[in-house]
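Q:
So, in structure tokens, the structure goes:
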């Protein structure tokens, strides 16, 4: 028998499970107070001193440096919720942590994790089916659908920093998403931030807009507005190259030197002439456009912009047509883009290039105004959530009432169901039902209401058949949130429940953590130590 001393750290059994559950509780405490319209914001400062103000669960968890392996699962589900549906990131973290909290006593008593997991999977399936059953489908008639989308966007913005301007922004978000084609690609909505001005000065541009790039002398002589221009999109450098420091060219006479210089100029002028003769009026390039080229274009009434960001160049290509060229040899009409109107406009302290009436893809740009940098960044994150919600609502046209209404209805349904089955499953599905109440409870706590009182009212109302009753934040009471238009797509709740339940089951199924610390520099790799062994080979 070969004895090997493994230099590893292990922890196993019930203490390991309890330790993992406690770690997840700590993560949920970090985002607990950010839930809902009365949620607080968090100010996070990274090691470089950059401050971020946010109440978006996914953003907060992304910025927290989570080391605990089990707690990282909660960060992952918040991220997946953000990527999949955009909103409900705090809810999903709270639900997962509350599921584990309710299960902790059962784990301590020695109930097998697999029994718990089985009960939870049953409960999740029942809950998801119930949501699908009670969700209200909205007909796709134009006016009605638009109202639905605005309500969903307003509900998503309710809990954000810009809740005061939710009417203004929900209309803007719906306009932005409705202007896209059927694929609803997020990349076609650009969001640009300009400091200064009020939030209401923000505007939606139906087309592409990007900030004026670095320019040379001669730029101001170029026209700043064209109707129906052709647009050349290039990945070509239009300036004289500086010689390399260690380059050496030996010439016998001044004429030879002049020939080299002339050749360089001729190459540049040849490129510029080809662009001019192509008929393009607006020239955009990812690489620099030098002072000679700028002046050349100005003399011929062309507009040019160099060092355009690749993302902006691609959006212009997708919107105006054409393709990005790496040489100027074949600038035919089919590789040039076109739009109805190009103009340069002053926005706050910045100048922006606007391309409007783009024929190819439907695209738009939101230009955000606002004071502090952190504020505009948080506004951008809030709009991203609202845009995702509106996209989801277009693709899945069923909605449920928010404000804890759907959670209370599911809780009542599962509690009633648990009384009809025998054995341990009854207790576990009851625990699942109780855990769902964390959402309305936390909404009350964050608003400073008496949570026990309001939850008792909600339980009574749901027992009498008031399916859509949830927390009324404005009047410290309960209200029918469906008639109050607190709506959200049912897919948000389905995704949150499924992800939270999966995360809880995953954490419960781990009963041992094995850490292999990095071996010391002079030790053997892999953490196997033979030096301490008295008898490396002993025969059993």
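In our numbering, the protein residues as written are 12 to 551. Ideal Cβ positions, reconstructed from N, Cα and C, are used throughout, including at glycine.
So, is residue 225 buried or exposed, given that buried needs 16 or more other C-beta atoms within 10 angstroms?
A: The residue you call residue 225 lines up with position 214 of the chain shown. Its Cβ having fewer than 16 others within 10 Å, residue 225 is exposed.
Q: Give the range of the beta strand (DSSP E) segment to which residue 236 is assigned.
A: The sequence position of residue 236 within the chain shown is 225, counting from 1. Residues 236-238.
Q: Could you pull out every residue in the same chain whose Cβ sits closer than 8 angstroms to the Cβ of residue 262, ignoring the five residues on either side in sequence?
A: Translated into positions along the chain shown, residue 262 becomes position 251. So the qualifying residues of the chain are 268, 271.
Q: Below 8 angstroms, how does it come out for the stretch 454-462 and the stretch 142-151: are there three or more Cβ pairs, yes or no?
A: Between the stretch 454-462 and the stretch 142-151 there are fewer than three inter-stretch CB-CB distances shorter than 8 angstroms, so the stretches are not counted as touching.
Q: Within the same chain, show all residues whose beta-carbon is closer than 7 angstroms to that of residue 482, passing over the 5 residues directly before and after it, in chain order.
A: If you number the chain shown from 1, residue 482 lands on position 471. Hits under 7 angstroms: 414, 415, 451, 454, 455, 465, 489.
Q: Across the stretch 499-515 and the stretch 99-118, are there enough close Cβ pairs to call them in contact, namely three or more that are closer than 8 angstroms?
A: yes
Q: Can you name the residues that DSSP bridges to residue 523?
A: The residue given as residue 523 occupies position 512 in the chain shown. Beta-bridge pairing links residue 523 to 23.
Q: At 4 residues or longer, what runs of the alpha helix (DSSP H) sit wholly inside the stretch 411-470?
A: 416-429, 435-447, 449-458
Q: Going along the chain, which unbroken runs of the alpha helix (DSSP H) with 4 or more residues stay wholly within the stretch 29-86?
A: 68-74
Q: Whose C-beta lies closer than 8 angstroms to the C-beta of residue 129 among residues of the same chain, with five residues either side of it excluded?
A: As a first step, residue 129 is located in the chain shown; it is residue number 118 there, counting from the start. Here the set comprises 436.
Q: Bridge partners for residue 498 per DSSP, in chain order?
A: Numbered from 1 along the chain shown, position 487 holds the residue referred to as residue 498. Per DSSP, 412.
Q: Under 7 angstroms Cβ to Cβ from residue 532, same chain only, skipping five residues before and after it: list those, please.
A: If you number the chain shown from 1, residue 532 lands on position 521. Bear in mind that a pLDDT of 46 at residue 532, under 50, signals an unreliable position, so the model cannot answer this.
Q: Apart from the five residues on each side of it in sequence, which residues of its chain come closer than 6 angstroms, Cβ to Cβ, to residue 47?
A: As a first step, residue 47 is located in the chain shown; it is residue number 36 there, counting from the start. Same-chain partners within the cutoff: 170, 454, 457.
Q: Straight-line CA distance for residue 277 to residue 358?
A: For the purposes of this step, residue 277 is taken as the residue at position 266 of the chain shown. For the purposes of this step, residue 358 is taken as the residue at position 347 of the chain shown. For residue 277 and residue 358, the distance between alpha carbons rounds to 39 angstroms.
Q: Does the beta-carbon of residue 50 have 16 or more other beta-carbons within 10 angstroms, so that it is buried, or is it exposed?
A: Translated into the one-based positions of the chain shown, residue 50 becomes position 39. Flag for residue 50 reads buried.
Q: In chain order, what are the residue ranges of uninterrupted beta strand (DSSP E) at least 3 long that sit wholly in the stretch 293-330?
A: Listed in chain order, the complete beta strand (DSSP E) runs (minimum 3 residues) inside the stretch 293-330 are 293-296, 314-316.
Q: Using only the alpha-carbon positions, how far apart do residue 504 and residue 242 sit?
A: On the chain shown, position 493 is the one that residue 504 refers to. On the chain shown, position 231 is the one that residue 242 refers to. Answer to the nearest angstrom: the Cα atoms are 45 angstroms apart.
Q: Based on the DSSP secondary-structure assignment, which residues constitute the bridge partners of residue 369?
A: The sequence position of residue 369 within the chain shown is 358, counting from 1. BP columns for residue 369 are empty, so no partner.
Q: Any heavy atom of the ligand PLP closer than 8 angstroms to the Cβ of residue 445?
A: For the ligand PLP, the structure offers nothing, since it holds no ligand at all.
Q: Evaluate residue 40 with the Cβ neighbour count: other Cβ atoms within 10 Å of its Cβ, from every protein chain shown; 16 or more gives buried, anything less gives exposed.
A: Taking the first residue of the chain shown as 1, we reach residue 40 at position 29. When all chains shown are included, residue 40 counts as exposed.
Q: Take residue 300 and list the residues in its own chain whose beta-carbon comes closer than 6 angstroms to its own, dropping the five residues that flank it on each side.
A: What you label residue 300 is simply residue 289 of the chain shown in a count that begins at 1. Excluding positions up to five away in sequence, the list reads 249, 315, 317.
Q: Using the beta-carbon count (16 or more within 10 Å), is residue 28 buried or exposed?
A: Residue numbering aside, residue 28 sits at position 17 when the chain shown is read from its first letter. Residue 28 comes out buried.
Q: Look at the alpha carbon of residue 45 and the alpha carbon of residue 68, and state the distance between them as a whole number of angstroms.
A: For the purposes of this step, residue 45 is taken as residue 34 along the chain shown, with counting starting at 1. For the purposes of this step, residue 68 is taken as residue 57 along the chain shown, with counting starting at 1. So the two alpha carbons sit approximately 8 angstroms from each other.
Q: What's the gap between the Cα of residue 392 and the Cα of residue 97?
A: Locating residue 392 in the chain shown gives position 381, where the first residue counts as 1. Locating residue 97 in the chain shown gives position 86, where the first residue counts as 1. Distance between the alpha carbons of residue 392 and residue 97 is about 10 angstroms.
Q: Taking only runs of the beta strand (DSSP E) that begin and end inside the stretch 141-220, which ones reach a length of at least 3 residues, in chain order?
A: 200-206, 214-216
Q: With DSSP collapsed to three states, give me the class of residue 339.
A: One-based indexing of the chain shown puts residue 339 at position 328. If DSSP states are grouped into helix, strand and coil, residue 339 belongs with coil.
Q: Give a yes or no on contact between the stretch 417-430 and the stretch 77-85, applying the rule of three or more CB pairs nearer than 8 angstroms.
A: no
Q: Between the stretch 171-183 and the stretch 394-403, do at least 3 Cβ pairs fall closer than 8 angstroms?
A: yes
Q: Return the CA-CA distance between residue 498 and residue 492, expressed in angstroms with no decimal places.
A: Taking the first residue of the chain shown as 1, we reach residue 498 at position 487. Taking the first residue of the chain shown as 1, we reach residue 492 at position 481. Using only the alpha carbons, I get a separation of about 8 angstroms.
Q: Measuring alpha carbon to alpha carbon, tell me which residue in 117, 122, 131 is nearest residue 107.
A: Residue numbering aside, residue 107 sits at position 96 when the chain shown is read from its first letter. Nearest of 117, 122, 131 to residue 107, Cα basis: 131.
Q: Of all the options 220, 189, 386, 194, which has the alpha carbon lying nearest to the alpha carbon of residue 172?
A: Translated into the one-based positions of the chain shown, residue 172 becomes position 161. Ranking the options by Cα distance to residue 172, first place goes to 386.
Q: Could you compute how far the alpha carbon of residue 474 sits from the alpha carbon of residue 411?
A: Here residue 474 refers to the residue found at position 463 of the chain shown. Here residue 411 refers to the residue found at position 400 of the chain shown. Using only the alpha carbons, I get a separation of about 18 angstroms.
Q: Between which two residues does the alpha helix (DSSP H) containing residue 110 stretch?
A: Locating residue 110 in the chain shown gives position 99, counting from the first residue. First-last of the alpha helix (DSSP H) with residue 110: 100-119.
Q: Leaving aside the five residues before and after residue 446 along the sequence, list all residues of the same chain whose C-beta is less than 6 angstroms from its C-beta, in chain order.
A: Start at 1 with the first residue of the chain shown, and residue 446 comes out as number 435. Around residue 446: 109, 110, 113.
Q: Quick one: measure Cβ to Cβ for residue 313 and residue 339, integer angstroms, because I've assumed they're closer than 8 angstroms.
A: Against the chain shown, residue 313 aligns to sequence position 302. Against the chain shown, residue 339 aligns to sequence position 328. In this structure residue 313 does not touch residue 339 by the C-beta definition: roughly 13 angstroms separates them, more than the 8 angstroms allowed.
Q: Between which residues of its own chain and residue 103 is the CB-CB distance below 7 angstroms, once the five residues before and five after are set aside?
A: On the chain shown, position 92 is the one that residue 103 refers to. The answer, listed in chain order, is 88, 89, 92, 507, 510, 511.
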